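In the working numbering, the protein residues as written are 3 to 266.
Yeah, the Cβ is synthetic: ideal placement off N, Cα and C, and Gly gets one too.
Being a predicted model, the structure only gives us computed values, none of them experimental.
For reference, the structure is listed below as structure tokens.
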Amino acid sequence: MNDNTFEKDYFGGKVSSLYKQYRLPYPSDVYAVILNHIDPLRRDFCVDIGCGNGQATHELAKVFKKVIGVDPSQGQIDECDKSMSPNVDFIQSKGEDLSFLDDHSVDLITVAQAVHWLDLDRFFKECKRVLKKTGAIVMWCYRIIDLKNNQKAKEIHENHYFNTLKDYWAPEIKMIDNEYRDIKPPFDIVERVSLNYTIKLSINHFINIYKTWSGYNSYLKTNKDILPDLKKQFLDCYHTTDDKSSIMECTYPYSFIICKNEES
Ligand SMILES: C[S@@+](CC[C@H](N)C(=O)[O-])C[C@H]1O[C@@H](n2cnc3c(N)ncnc32)[C@H](O)[C@@H]1O
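Here is the structure:
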């Protein structure tokens, strides 16, 4: 890794495999937003920053000739399937240091649920250096899942996110809660897009998503685990003992920022 110090590895260790198992793959609607904003003739080289286990990296490799996934977390890089796409490479590095890329060589930089962890001034400076004049950045995040079909379960879930874990979220998470509106990229064209995606999940799956949250894992270091009790409460809310059937209607609220230069 280039800049070797990575203190904020919230998704390393055992969290990496839980992340791969329980954070859902991005739906096709997400890739449609990206591709609708990118010229079909400019799909040579894409770099996916904060790639995690590479789920978006591999998907982007279906449309770009070459894709590099970049992440500073050893645990996350270990979870990346290195043989799935022949046109993908993974590099362990922070997104603020892209010194392994030539000036003006990249068509698209993507950052999925990760840009809030970066030093934005340094990152955007690197983007300007490595992007072609016609290049673009697409960053996206999703906020807390909105539980649609059970008001009581929604209140319990939101109470844990906003109150129980309040002091355990890193300050960066505020950027997600605020739909990335605080991020002001220094580009000529900055477009913002919202998207809702709804899917049904089991109580078991939903509970396991908590285990991938940085705030939950910080809380767990000094507090008793909330998940056994939370699971009981959700089962009560849905009047069931079945934690495996997909009964929780979950809406993921996505926010995108798309940046381009005037020339593009
Ligand atoms: C919430 S995960 C998202 C992973 C992946 N993009 C996805 O959507 O599944 C955030 C990722 O950002 C990475 N990250 C944290 N700080 C970073 C930095 N300075 N540069 C690049 N990636 C970083 C973490 O290691 C983690 O893999």
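CB of residue i within 8 Å of CB of residue j, strictly
i    : j    : result
W142 : A172 : no
H39  : I185 : no
L149 : M250 : yes
L62  : C48  : yes
R145 : E181 : yes
N198 : P255 : yes
V69  : L37  : no
F236 : A155 : yes
G54  : D80  : no
K16  : W119 : no
Assigned exposure category for residue i - 16 Cβ within 10 Å defines buried
i    : result
S30  : exposed
F258 : buried
D50  : buried
K262 : buried
D231 : exposed
D46  : exposed
I158 : buried
T224 : exposed
T243 : exposed
H60  : buried
H241 : exposed
Residue from the options whose Cα sits closest to the Cα of residue i
i    : options                : result
L43  : K150, D123, D227, D109 : D109
I139 : D41, Y21, N219, D179   : D41
I178 : D190, F189, S196       : S196
F278 : T243, G97, V192        : No information on residue 278 is available, as it lies outside the stretch 3 to 266 that the chain covers here.
E264 : T136, D83, N165, Q94   : T136
S101 : S75, V132, I111        : V132
V35  : Y254, R194, K234, K213 : R194
Q78  : Y212, V69, I93         : I93
N210 : G15, K176, I70, K22    : K22
F126 : Q153, F189, H106       : F189
S248 : K226, T200, S216       : T200
Heavy atom of ligand 1 within 7 Å of residue i beta-carbon
i    : result
F13  : yes
W215 : no
R300 : Because the chain is modelled from 3 through 266, residue 300 falls outside the range shown and cannot be assessed.
C82  : no
C252 : no
S75  : yes
V72  : yes
G52  : yes
N219 : no
N55  : yes
E98  : yes
A114 : yes
R25  : yes
Q78  : yes
A58  : yes
K10  : yes
CA-to-CA distance, residue j to residue i, given in whole angstroms
i    : j    : result
I228 : Y163 : 12 Å
Y12  : N219 : 8 Å
G52  : I205 : 28 Å
K134 : K67  : 15 Å
D5   : S95  : Confidence at D5 is low in this model, with a pLDDT of 49, below 50, so its placement is unreliable and the value that follows should be read with caution. Distance between the alpha carbons of D5 and S95 is about 7 Å.
K130 : L203 : 40 Å
K246 : D238 : 14 Å
F208 : Q57  : 19 Å
G14  : Q76  : 7 Å
L26  : D104 : 33 Å
T253 : V192 : 26 Å
D121 : K176 : 15 Å
heavy atom of ligand 2 below 7 Å from residue i C-beta
i    : result
W119 : In the structure on display, ligand 2 does not appear, and the ligands it does have are ligand 1.
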